[in-house]
Structures are given as structure tokens and as C-alpha cells.
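One rule links them: number in the working numbering = place in the sequence shown (from 1) + 64.
Accompanying notes for the structure given below.
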Amino acid sequence: MAISDVYTFRSGSVALASTSATPLLSVVAGTTIRGWVVGVRVEVGTTLAAAGNNLLFQLCRPANTMTGTTTTTGNPEDFSAPAAICTGYTAWSTAPTVGAILAEWQVPQTTGSMWPEYPPTGYEWQIPAIANAAANAGLHVFVTASVATSTPVFVDMMVSE
């Protein structure tokens, strides 16, 4: 029997065309409960980037106080689960910046490249009980390309509550 409910937060397709760290997805808990990231999946869509280029995906805490504006709801793994308490963001009035890096994955900047990461039980990444627009709120996935070629990227964050 599961001891918590698991929700998948999705970024949707994000068009990447620069070589600077670009936020893709933030997941923030409320002030009364923590969340636990139990998995991250990253994927590269159809791109014309030449072979030999890479995308660096990073799961981090923020280095600033971000404010998320466009929310995304976590899809429950169990259809009878209650609504997610954590909130996802895919747009920001003040975007997060890369802070403490908890995990990172480098994948080829080629069509169809992907990487899933599921830490062993007991090693999940914690989303602190700090709400949106407060210092240290949430966990965030960023991507940095080695070449500025239009590349759609996707990220899913699986969160346990």
C-alpha cells in the first residue's frame, strides 16, 4: 500500500534558443506541508542542432526569491487521490535563478534524447514548506544548451505528498 500520493508536474514544450540557464518548471509546496521529488524525466524534441552538442538539465534550489505566475496542476498517479497541495509554475514575474544544485543530467542536444532519474527510496529531493514568492521556495529544473539552436525540451517532475 502506498504511503503517499504521487503527482506528475509537466512543463509542456519549452522552446530553447539560448545558451544561458533557462527555467523550465518550478514546484512549490505550501507553508504547511513538504513535497518530495521522487523522479525527474527530461526529453529533447525535434531539433536541428548538430551532433556533439549537449543540454545540461539541473534540479536546484533557487538563488533568489522567485514569483511564479502561470500555474500547472500535478496529475495524480491514482485517479482517486485528492488535489495536489504542491503547485507547479511554468512562467514567472520574477524567474528563479540557479542556486544550490541537487542533481544534474547532461543529454545530447539531438532529437529524442531523454533521461529519467528516480532516486532510491529515502534519497528523494525535498521541496520545503515555503510558499511561492518567498525566499528558498520550491525546487526548479533549468536547462543550459551548449549551442543556441532552436530546441524544444520537456521536463516532468514526479512529486510525493
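Positions of the beta carbon are idealized from the N, C-alpha and C atoms, including for glycine.
With a threshold of 16 other beta carbon atoms within 10 Å, Gln190 falls short and is exposed. Per DSSP, reduced to three states, the secondary structure at Cys124 is strand. In this structure, DSSP gives Ile149 a state outside helix and strand, which the three-state scheme calls coil. Closest by C-alpha distance to Pro172, out of Ile194, Thr158, Thr208, Gly152, is Thr208.
With a minimum length of 3 residues, the unbroken runs of beta strand (DSSP E) contained wholly in the region 159-200 fall at 162-172, 178-181, 189-191. Under the three-state reduction of DSSP, Met130 is assigned to coil, being neither helix nor strand. In this structure, Cys150 lies away from Phe206, with their beta-carbon atoms at least 8 angstroms apart.
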